Amino acid sequence: MSARSRLGDTVRDVLQTGFRMAPWPTETGLRAVGDPGPGSPVLITGNYDLTVRRVLRALRGVDAWLLVAPSQGINVWCASSGGHLSTHQVVTALKTSGIEERVWHRRAILPQLAATGVLARDVSRRCGWKLRFGPVYAEDLPAYLANDGVKTDAMRHVHFGVRERLEMAAAWATPTALVLGGLAALSRPAWCPPVVVMTALMATAVFLVYDRLPEPRRLVLGAAGITVALAAVLSAGGGPGALMAAGVVPALLTALLTFDYTGSTPVEGGSHFEERHWQIALDVDRCKGVYNCWAVCPEACFEKREELRVVELAHDDRCIRCGACVVQCPVDALAFEDESGQRIEPDQIRRFKLNLLGQRRVSPEG
Amino acid sequence: MRWLESTPDRYDAGMRLLTLGRVTRLHDAIADAAAEKPGDRVLEIGCGTGAVTARLAARGAAVTALDQNPEMMERARHRLETAAEPCTSVEWIERTASEIDALPAEHFDGVVASLCLSEMSRDERAFVLREARLRLRPGGRLVVGDEVRPHRALLRVVHATLRAPQAIAAWLIAGSLSRPIPDLEGEMRAAGFEIERGEHFLLGGLALVVGRR
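Line by line, the protein sequences are chains A and B.
Counting in the working numbering, the first sequence runs from 1 upward without gaps.
Counting in the working numbering, the second sequence runs from 367 upward without gaps.
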């Protein structure tokens, strides 16, 4: 890579980390990674620039075909859950990209997190390609490919470590700091640096401790935000400026802190699930021990009961209601159910998707 | 216009607003060009909320309507079945445009694509145009109404400037963009069509192009 393109890569990394919520579309279609031949593996991903560049970086030294499917410039997990990366887009990419003329096999590997939206058996029926769900993270691809597509448990699970937490903090802090810092710059330029620093620190603190807070997390965060703001005002002393600061800055920051983090962390499900108390329900009588749910669950909620050929929903406390298990179960043994026994049937989830941001409404009646 | 698709309720009103009301005339013109006489078999790619589908059915065409979005298709179906003169003869197919190759060859008198080719990648568009041609009987016509890049350089600048706010709004709200097709006539010719008619509206940013097999 030349120095110039390395610089471009770094600039894009910084921008896309800071404005991660925005879509970053990249060119769709087929890309050759290394020196692939007709027997090389075919990997599919969405057309989110940050992801595509990370996949390409992870695949250094590997010969493969990378098929970038249209996902509206959104990352794989969000696009799959929101209906933007579904069976349709994968079929389209496979049929129109020219990959069918490049390889003699018909096997492709999808990121595991696409399991909320892409139905492998439908893709197979509609265009003949056999899909497998590979690892969650691109970094695991070389090991996965070298090991003949055997997935270790670690490759199956989403982690939310310090790096991911800082990334999400940056994604929230950057646009917020831009707005608040901009307002400050217009009214009182001297406030601009402290407001930006405070926003960054608070966002970082929130994401570092978020899942360790007691429920209700948002109330706890709100109270913490107000306490911090009051302390800041008291230590700054009285005067009209400080009173203004006491009104505007904490209000805005508390708004940020109590925001609904749906979709930003893998520790919490969609808010419309929380409100309606939708839970995953397993019908053990229907379960045939296919273990698709076990294979696609990013939070390791399922345990195999090999002796009975059924699965057990052993850790539903970890469930984030992503719906991947419901979508992938070939015998419809899983569904969403609320306390009153109302159900959202699997086919409805498969057809309409459950957008985490609530744009697509799904009513249990249909 | 995919961002409007995530809220089908607002799709029609949004489209009218974004095209300053011209979209209604475009729909009429598309239907007129595609359904030449009653009984014509017309395939509509990307029927959306059924604006063109309803007009085709009203002109007596036997319509096969294809869309990948089940919500949009439900709306279209509802629209036709509850119209003043209800139509129940439309064949609805919930599939992507890249699957028209499964439909019978040399079967249709007309193929229609209204505001959907601009949402496709170049690969996909080339595939769909080629396959659309094979679905047409010899002499059949493809009618495309879509966002295009104006031919003249000056218009291109004006158009891009005026389109920018809408494009940014679409990008911010739903993270998607339809991109004006750089050379619609050229791509249709490359797929084997003979261009019969090409009209441009809205500073050259919206086109109606008819091609013959």
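All residues carry an ideal CB built from backbone N, CA and C; glycine is no exception.
Remember, it's a predicted structure, so these values are computed and weren't measured experimentally.
Taking all protein chains shown into account, do 16 or more other C-beta atoms lie within 10 angstroms of the C-beta of residue 3(A), making it buried, or fewer, making it exposed? Its Cβ having fewer than 16 others within 10 Å, residue 3(A) is exposed.
Could you tell me if residue 403(B) is buried or exposed, where buried requires 16 or more neighbouring beta carbons within 10 angstroms of its beta carbon? Counting Cβ neighbours within 10 Å, residue 403(B) comes out exposed, since fewer than 16 surround it.
Which residues, in order along the segment 58-75 of chain A, keep a beta-carbon less than 8 Å from a beta-carbon of chain B? Only 70, 72, 73 and 74 from the segment 58-75 of chain A bring a Cβ to less than 8 Å from some Cβ of chain B.
When the cut-off is 8 Å and only beta carbons count, does residue 415(B) lie next to chain A? Against chain A, the CB of residue 415(B) has no partner CB under 8 Å away; the residue lies outside that interface.
Going by beta-carbon coordinates alone, are residue 310(A) and residue 284(A) separated by less than 8 Å? Yes, the Cβ-Cβ distance between residue 310(A) and residue 284(A) is below 8 Å.
Chain-ordered neighbours of residue 462(B) on chain A, where CB pairs are closer than 7 Å: Close partners of residue 462(B) in chain A (Cβ separation under 7 Å): 88, 91 and 92.
Rounded to whole angstroms, how far is the Cβ of residue 458(B) from the Cβ of residue 438(B), which I believe are closer than 8 Å? About 11 Å; that fails the 8 Å criterion.
Please identify the residue among 127(A), 93(A), 121(A) and 146(A) whose C-alpha is closest to the C-alpha of residue 487(B). Sorting 127(A), 93(A), 121(A) and 146(A) by C-alpha distance to the C-alpha of residue 487(B) places 93(A) at the top.
Under three-state DSSP, which class holds residue 485(B)? Residue 485(B): helix per DSSP, three-state reduction.
Hey, how far is the Cα of residue 541(B) from the Cα of residue 69(A)? Model confidence at residue 541(B) stands at a pLDDT of 44, short of 50, so the residue's coordinates are unreliable; what they give is reported in the following sentence. Straight-line measurement puts the Cα of residue 69(A) at about 15 Å from the Cα of residue 541(B).
Counted within 10 angstroms of its Cβ, other Cβ atoms place residue 23(A) as buried (16 or more) or exposed: By the 10 Å Cβ count, residue 23(A) comes out buried.
Figure out for me which residue from 571(B), 556(B) and 574(B) has the closest Cα to the Cα of residue 496(B). The candidate whose alpha carbon is nearest that of residue 496(B) is 556(B).
Please report whether the beta-carbon of residue 366(A) lies at a distance below 8 Å from any beta-carbon of chain B. Low confidence applies to residue 366(A): its pLDDT is 34, below 50, so where it sits in the model is not reliable enough to give any reading.
Does the Cβ-Cβ distance between residue 400(B) and residue 408(B) come in under 8 Å? Going by C-beta atoms, residue 400(B) is nearer than 8 Å to residue 408(B).
Please list the partners that residue 410(B) has in chain E, where partner means a Cβ-to-Cβ separation under 7 Å. The structure shown has no chain E; the protein chains it does contain are A and B.
Hey, out of 550(B), 565(B), 393(B) and 469(B), whose CA is closest to residue 485(B)'s CA? Out of 550(B), 565(B), 393(B) and 469(B), 550(B) has the C-alpha closest to the C-alpha of residue 485(B).
Quick one: which residues of the segment 427-441 of chain B get their C-beta closer than 9 Å to a C-beta of chain A? List them in chain order. Under the 9 Å Cβ criterion, the segment 427-441 of chain B contributes 434, 435, 436 and 437.
What do you reckon, are the CB atoms on residue 30(A) and residue 45(A) nearer than 8 Å? The Cβ-Cβ distance between residue 30(A) and residue 45(A) does not fall below 8 Å.
Is the segment 172-186 of chain A touching the segment 194-209 of chain A, taking contact as three or more C-beta pairs under 8 Å? Cβ pair count under 8 Å is three or more, so yes.
On the DSSP letters alone, give me the boundaries of the alpha helix (DSSP H) that residue 88(A) sits inside. Taken as a continuous stretch (DSSP letters only), the alpha helix (DSSP H) holding residue 88(A) covers 87-96.
Against chain B, does residue 352(A) count as a neighbour if the rule is that its beta carbon must be under 8 Å from one of theirs? By this cut-off, residue 352(A) is an interface position.
Close beta carbons around residue 25(A), own chain, < 6 Å, minus the five adjacent residues each side: So the list reads 47 and 73, once near-sequence residues are dropped.
For residue 66(A): DSSP bridge partner residues: In DSSP, residue 66(A) forms a bridge with 31(A) and 43(A).
Spell out the partners DSSP gives residue 304(A) in its beta bridges. According to DSSP, residue 304(A) bridges with 311(A).
Nonlocal neighbours in the same chain, by C-beta distance under 6 Å from residue 480(B), ignoring five residues either side: Sequence-distant Cβ neighbours of residue 480(B) in its own chain, meaning closer than 6 Å and more than five residues away, are 396, 418 and 511.
Report the residue from 521(B), 526(B), 507(B) and 571(B) whose alpha carbon sits nearest the alpha carbon of residue 577(B). Nearest of 521(B), 526(B), 507(B) and 571(B) to residue 577(B), Cα basis: 507(B).
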